[in-house]
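Since the structure comes first, as structure tokens, the remarks are kept for the end.
2 protein chains.
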Amino acid sequence: MKPSHLVIGLMSGTSLDGVDAALVEITGSGESTRIQVKHFVSVPFANDVQAELLRVASQTPVPAQVISHLNFLLATLYTEAIAQLCQEAGIELNQVDLIGSHGQTIFHQSEPAAFCGRMLASTLQIGEGSLLAGNTGVTTISDFRPRDMAAGGKGAPLIPYVDYLLFRDDRLGRVLLNVGGIANITSLPASAEMEQVKAFDTGPGNMVIDALVRRFTNEEKTYDANGSIAAGGQVIAPLLEKLLAHPFFSADPPKTAGREQFGEAFVRQMLEHSKTARFEDLVCTATELTARSVAAAVTRFVLPATRVQQLIVSGGGARNAFLMQRLQVAVTGIKVVTSDDLGVPTAAKEAIGFAILANETLHLHAGNVPGATGARYPAVLGKVVYGDNYKRLRGIE
Amino acid sequence: MKPSHLVIGLMSGTSLDGVDAALVEITGSGESTRIQVKHFVSVPFANDVQAELLRVASQTPVPAQVISHLNFLLATLYTEAIAQLCQEAGIELNQVDLIGSHGQTIFHQSEPAAFCGRMLASTLQIGEGSLLAGNTGVTTISDFRPRDMAAGGKGAPLIPYVDYLLFRDDRLGRVLLNVGGIANITSLPASAEMEQVKAFDTGPGNMVIDALVRRFTNEEKTYDANGSIAAGGQVIAPLLEKLLAHPFFSADPPKTAGREQFGEAFVRQMLEHSKTARFEDLVCTATELTARSVAAAVTRFVLPATRVQQLIVSGGGARNAFLMQRLQVAVTGIKVVTSDDLGVPTAAKEAIGFAILANETLHLHAGNVPGATGARYPAVLGKVVYGDNYKRLRGIE
């Protein structure tokens, strides 16, 4: 196989706001992985697509055909994002070796529940890998979560493997924090072995903040740019206390969160508790909830086992100055930085991650961290669909 | 790679009655493929599973979580069928090299329709390949249709490639007919090249018959065993004429049919047309509809281009003696036989087919026939998920 590959990573997260696409040159694999980020684009979904995704992800009943069509539609939109990425980067699609795509999660339940007389956990990602491979001609690896669940894991988080490859340090204990719709952390003790890596979701990232902003601005704004709304408000202490009492926060990791815990019902509960509260106070409280739940997770579940010098933030939340400030206050004694400071663009980190995970599968390496997902064993993740380039890729012509 | 592989093929069809599993030793690949069928089991779904599948496939609105759970549930049931297959065959799972699984189709629309402002065709199969690979430890290739659709095809039928490998003859022109819920034919002219293979759905197979039997026996019977109900009835000629006027039958191939055309709505239309008709006359008419629509398809779309000596029947319909008799009457001049007569068990043919298609993908061969699906090019089908045996399979240890 070639020593280096040009790989596109795609991520569309629980915030349902669009797709991130990163073009990465990856040299080697496993612990010898080296990356060079060539370009990154973030392409928002049109309003009607976002509304349809939100409807489905909120578990509104729909005919199977809606999910079938959305699966193909997302792959079409991903294809367009890839075209834009390549054009802006000045490369042709046929130079790309591989695509890694997380897909859009429309349901994720990592704890078994009763269904047709059996106990079942399950997860469902859409964004058809076969259509991506067909549209682009590039071999595509997609839908990484189910293979981890089949290994007894919770199917998430998957980025910890990437964190381990990119951010482990000989001397510094580090915690990686990604603030998307949901927030998750990866703990990397100084000179960590894979077996020492722990990771889990800490709770809401931007999900609750965004939902409040959308609601109170009648969808005119979709997020709290730079935290300026929250900065003008005050924390509603009794509400914050009540929210922090959610059993998710005290549950032992590994654990995963989603719209199921922190979606519409959670926001409704906030509004009912504080019926006359000011908009900016609610947003401030939601922002504090994110900061405090992250800090509590670090204190409860990381610090007892290892020393931590740096908290490295990525995802949309890294651009929220008020949140960053509250985080630094909440995690006293740990330096809060962004992944930009370490050379990995914050917004692109998860998309880069799925490029790296695809490269691992291409090299037949496992991509899950059992200490992060709870899997019984490391498994080669994802589903490989061959594009026209498969012979070149597999070195048989 | 090893010269021969032990492969399990899985098929659960539009009749929603269970899963067929075939254990096949496959030597070589492509035109040199030789098979030995080791064992076959057909495992019915429990009533509650079947009801849930029917609900979803009938496009009753459901939350995404139902589809997510069904996707994992089916893989669990497939795993149990595989365990039974291996036990009866006296082999261990770790002797199996590969699994090929079609999955359960819960939506299939091969003609583009408007969705979120775009024209989209799409297809959705469930029966999670990652869970099969995890549960069994065997590398699994599943979900073959979408890659053909990504190549511009209708995603079905896919068995024609297998028909070509197993049944082409130097001297005889052959038509393969599979009668499942839907009936489809593959035309193989004498000494055919792949480019000469044509295949398409002819319309209902057992779907309409089964629906009538279920309805009139209050679900006590689910099919017309050996055609004995139909044999006691008479064709309602005006109704038959009306049904044969359905535009699907005269549409040019390639074409695919499903529950969308010949499901509940179609049966309701029959009952409304003949409100006082006797049960056995309706079943007889539905059986004649299958026979006559197959014969019409052969006459209209096959015979103008090639001579045909044999019609080789497989699928559940091959066990319906009355249907076989009506078929022989309808296709005068062509000898009607079953695939059993040529060494391939009728009930197992489609499951065997997906074992062979998986073997083709393992060898990086395309598995679709453009003349059957309408695809612009032959594509390597399916999604590869690695089981614990991946190193042995890929020959890297």
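Which chain is which? The protein sequence lines are C and P, in order.
Each residue of the first sequence is one higher than the last, beginning at 1 in my numbering.
Each residue of the second sequence is one higher than the last, beginning at 1001 in my numbering.
Just so it is clear, CB atoms sit at the ideal spot from N, CA and C, and this is done for glycine as well.
Give the C-beta separation of residue i and residue j to the nearest angstrom, bearing in mind that I take them to be a contact with Cβ-Cβ under 8 Å.
i, j, result
"P:L1016", "P:Q1059", "No, P:L1016 and P:Q1059 are not in contact; Cβ-Cβ is about 14 Å, not under 8 Å."
"C:T338", "C:V313", "5 Å"
"C:L54", "C:V175", "In fact, because the Cβ distance is near 31 Å, the residues do not count as touching under 8 Å."
"C:V43", "C:I35", "Their Cβ separation, rounded to whole angstroms, is 22 Å, which puts C:V43 and C:I35 out of contact at 8 Å."
"C:P253", "C:F216", "Contact doesn't hold; Cβ gap of about 33 Å is too wide."
Say whether chain C places a C-beta atom closer than 8 Å to the C-beta of residue i.
i, result
"P:V1049", "yes"
"P:F1115", "yes"
"P:R1259", "no"
"P:R1147", "yes"
"P:H1005", "no"
"P:K1154", "no"
"P:A1064", "yes"
"P:L1074", "no"
"P:I1106", "yes"
"P:K1002", "no"
"P:A1057", "yes"
"P:G1134", "yes"
"P:H1069", "yes"
"P:P1061", "yes"
Report the three-state DSSP secondary structure of residue i (helix, strand or coil).
i, result
"C:S68", "helix"
"C:V19", "strand"
"P:G1263", "coil"
"P:F1115", "strand"
"C:E280", "helix"
"P:Q1059", "coil"
"C:T76", "helix"
"C:F354", "helix"
"P:S1339", "helix"
"C:N47", "helix"
"C:Q104", "strand"
"C:T202", "strand"
"P:V1138", "coil"
"C:N226", "helix"
"P:R1214", "helix"
"P:V1041", "strand"
"P:M1149", "helix"
What does the alpha-carbon distance come out to for the pair residue i and residue j?
i, j, result
"P:T1361", "C:V380", "18 Å"
"P:E1220", "P:I1229", "14 Å"
"C:P3", "C:T27", "6 Å"
"P:S1029", "C:F144", "29 Å"
"C:P345", "C:R319", "11 Å"
"C:T306", "C:G173", "7 Å"
"C:V66", "C:V329", "45 Å"
"C:V7", "C:Y377", "26 Å"
"C:H365", "C:Y161", "11 Å"
"P:T1186", "C:A372", "50 Å"
"P:K1335", "P:I1182", "22 Å"
"P:D1210", "P:F1354", "25 Å"
Thinking just about the alpha-carbon of each residue, which of the options is nearest to the one in residue i?
i, options, result
"P:A1257", "P:I1067, P:H1108, P:A1081, P:L1074", "P:H1108"
"P:R1168", "P:Q1196, P:G1013, P:N1047, P:G1127", "P:Q1196"
"P:L1077", "C:N47, C:I334, C:G173, C:G117", "C:G117"
"C:V384", "P:P1061, P:R1147, P:A1075", "P:R1147"
"C:L74", "C:D20, C:E241, C:G180, C:P63", "C:D20"
"C:F249", "C:V213, C:A286, C:T202", "C:T202"
"C:L10", "C:S101, C:H69, C:L282", "C:S101"
"C:S110", "C:F279, C:E280, C:I99, C:L124", "C:L124"
"C:V41", "C:D48, C:N178, C:A89, C:A64", "C:A89"
"C:G387", "C:A121, C:G137, C:L98, C:E128", "C:G137"
"C:I159", "C:Q269, C:G13, C:I236", "C:G13"
"P:I990", "P:K1038, P:L1188, P:T1299, P:R1292", "With chain P running from 1001 to 1397 in the structure shown, residue 990 of chain P is simply not present."
"P:S1293", "P:G1263, P:L1243, P:A1265, P:G1316", "P:L1243"
"C:E31", "C:N389, C:I356, C:R259", "C:I356"
So that I know if they touch, is there some Cβ in chain P lying closer than 8 Å to that of residue i?
i, result
"C:S314", "no"
"C:G422", "Since the first and last residues shown for chain C are 1 and 397, residue 422 of chain C lies out of range."
"C:A83", "no"
"C:L98", "no"
"C:K349", "no"
"C:Y161", "no"
"C:V138", "no"
Does any heavy atom of the ligand FAD sit closer than 7 Å to the C-beta of residue i?
i, result
"C:G371", "The ligand FAD is absent from the structure shown, which contains no ligands of any kind."
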